[in-house]
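In this note's numbering, the protein residues as written are 2 to 221. Don't be surprised by glycine CBs; every beta carbon is placed ideally from N, CA and C. These figures come from a predicted structure and were not determined experimentally. Step one of this worksheet: look at the structure below.
Structure, rendered in structure tokens:
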């Protein structure tokens with residue numbers, strides 16, 4: 002972004018580094034932010050803010066003596082970072098989605114990330130996993146409870162406001178948590194005017210942009 006670069010490294014926490022690139026032969030770190038979790042993908046919001054998506058984590062000790070730390074993955078994390086002061090970047094907002102096992106194609110393919118700053122639209126395909134009530138093991142993985150897109154309105158004051166979700170699975174499949182037919186997995190989304198379109202290998206579906214009322218679904 003301009004003459005600055007942003008990178009994330011990860012071991013136990015997620016250091017976000019702001020790097021000065023004015024002189025390509027002599028880049029140097031301007032500032033950094035250390036927070037739990039990590040970002041797989043960073044997307045510019047504006048010249049002073051970034052949206053990061055990745056995973057939340059927790060550092061715990063692995064033995065009684067507390068001599069060894071291990072990092073446990075948690076749910077999927079979204080955050081807005083403020084880099085107005087390059088020496089002191091900070092996290093403005095964050096939201097954690099689901100539990101261990103929650104994932105998104107947008108974590109490794111930016112084409113699955115739909116964002117428009119003008120109307121505050123953010124759409125992500127998400128496979129949602131939740132740990133059943135009563136399970137207390139920190140190492141337990143969640144069970145699949147939903148697959149589809151999460152639709153957010155995003156701004157710097159309020160952060161991430163979930164407006165709703167869209168899936169290509171039937172109501173019966175959702176109720177029974179049957180998400181094994183990957184041809185129904187939503188992988189891409191786009192919008193035109195006030196209509197949101199979602200695509201899987203099997204369907205294309207149109208919904209009203211903010212109410213998410215279904216308009217039409219066609220089998221491909």
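Under a Cβ-count criterion, where at least 16 other Cβ atoms within 10 Å of its own Cβ denotes burial, should residue 208 be classed as buried or exposed?
Numbered from its first residue, the chain shown carries residue 208 at position 207. Buried, by the Cβ-count rule.
Please list the terminal residues of the continuous alpha helix (DSSP H) segment that includes residue 96.
Numbered from its first residue, the chain shown carries residue 96 at position 95. Counting along the chain, residue 96 falls outside any alpha helix (DSSP H), though it belongs to the beta strand (DSSP E) covering 91–98.
Would residue 184 and residue 126 qualify as a contact pair, given that the criterion is a beta-carbon distance under 9 Å?
The count along the chain shown starts at 1 and reaches residue 184 at position 183. The count along the chain shown starts at 1 and reaches residue 126 at position 125. Not in contact: residue 184 and residue 126 (Cβ atoms no closer than 9 Å).
Are there any heavy atoms of the ligand MN lying less than 8 Å away from the beta-carbon of residue 145, as far as the coordinates show?
No copy of the ligand MN appears in this structure; indeed no ligand is present at all.
Note down the Cα distance separating residue 33 from residue 216, rounded to an integer number of angstroms.
For the purposes of this step, residue 33 is identified with residue 32 of the chain shown, where counting begins at 1. For the purposes of this step, residue 216 is identified with residue 215 of the chain shown, where counting begins at 1. Cα-Cα distance, rounded: 46 Å.
Do the region 107–119 and the region 85–99 make contact, defined as three or more Cβ pairs closer than 8 Å?
Output reads no: the region 85–99 does not touch the region 107–119.
Have a look at 159, 19 and 151 and flag the residue whose alpha-carbon is nearest the alpha-carbon of residue 169.
Sequence index remark: in the chain shown, residue 169 carries index 168 (1-based). With distances taken between Cα atoms, residue 169 lies closest to 151.
Measuring CB to CB, does residue 113 end up less than 9 Å from residue 189?
In the chain shown, the residue the question calls residue 113 occupies position 112. In the chain shown, the residue the question calls residue 189 occupies position 188. Yes, these two residues count as a Cβ contact at 9 Å.
Could you tell me which whole beta strand (DSSP E) segments of length 3 or greater appear in the region 3–47?
Listed in chain order, the complete beta strand (DSSP E) runs (minimum 3 residues) inside the region 3–47 are 5–9, 14–21, 29–37 and 39–47.
Assuming residue 19 and residue 7 make a contact with CB atoms under 8 Å, what is their CB distance in whole Å?
The count along the chain shown starts at 1 and reaches residue 19 at position 18. The count along the chain shown starts at 1 and reaches residue 7 at position 6. Confirmed, Cβ separation roughly 6 Å.
Using alpha carbons as the reference points, say which of 123, 206, 142 and 121 lies closest to residue 261.
The requested residue 261 is not part of the displayed model; the chain covers only 2 to 221.
Note the first and the last residue of the continuous beta strand (DSSP E) segment covering residue 172.
Taking the chain shown and counting its residues from 1, the one referred to as residue 172 is at position 171. Element bounds for residue 172: not the beta strand (DSSP E) but the alpha helix (DSSP H), 172–176.
Per DSSP, what kind of secondary structure is residue 186 in: helix, strand or coil?
Position 185 of the chain shown, counting from 1, holds the residue named residue 186. Note: residue 186 maps to coil in three-state DSSP.
According to the Cβ coordinates, are residue 45 and residue 54 closer than 9 Å?
Numbered from 1 along the chain shown, position 44 holds the residue referred to as residue 45. Numbered from 1 along the chain shown, position 53 holds the residue referred to as residue 54. Not in contact: residue 45 and residue 54 (Cβ atoms no closer than 9 Å).
Apart from the five residues on each side of it in sequence, which residues of its chain come closer than 6 Å, Cβ to Cβ, to residue 146?
Counting from one through the chain shown, the residue named residue 146 turns up at place 145. These residues qualify, in order along the chain: 129, 131 and 178.
Please look up how many angstroms separate the CB atoms of residue 99 and residue 79, rounded, as I've assumed it's under 8 Å.
Numbered from 1 along the chain shown, position 98 holds the residue referred to as residue 99. Numbered from 1 along the chain shown, position 78 holds the residue referred to as residue 79. Wrong, their Cβ atoms sit about 12 Å apart, outside the cutoff.
Residues in the same chain with beta-carbon distance under 7 Å from residue 102, minus the five sequence neighbours each way, listed in chain order, please.
Working through the chain shown from its first residue, we reach residue 102 at position 101. Closer than 7 Å at Cβ, skipping near neighbours: 130, 142 and 143.
DSSP three-state label for residue 112, please.
The residue you call residue 112 lines up with position 111 of the chain shown. In the structure shown, residue 112 sits in a helix (DSSP, three-state: H, G or I).
Using only CA atoms, which one of 36, 4, 43 and 31 lies nearest to residue 24?
Taking the chain shown and counting its residues from 1, one reaches residue 24 at position 23. The residue with the shortest Cα to Cα distance from residue 24 is 4.
Could you check the C-alpha separation between residue 2 and residue 48 for me, to the nearest Å?
In the chain shown, the residue the question calls residue 2 occupies position 1. In the chain shown, the residue the question calls residue 48 occupies position 47. Straight-line Cα distance between these residues: approximately 7 Å.
Leaving out the 5 sequence neighbours to the left and right, which residues in its chain are closer than 6 Å to residue 202 when beta-carbon positions are compared?
Locating residue 202 in the chain shown gives position 201, counting from the first residue. Excluding sequence neighbours, residue 202 sits near 184.
Please list, in chain order, all residues of the same chain as residue 153 whose beta carbon is under 7 Å from its beta carbon, the five residues on each side excluded.
Taking the first residue of the chain shown as position 1, residue 153 is located at position 152. Correct list, in chain order: 123, 161, 162, 163 and 164.
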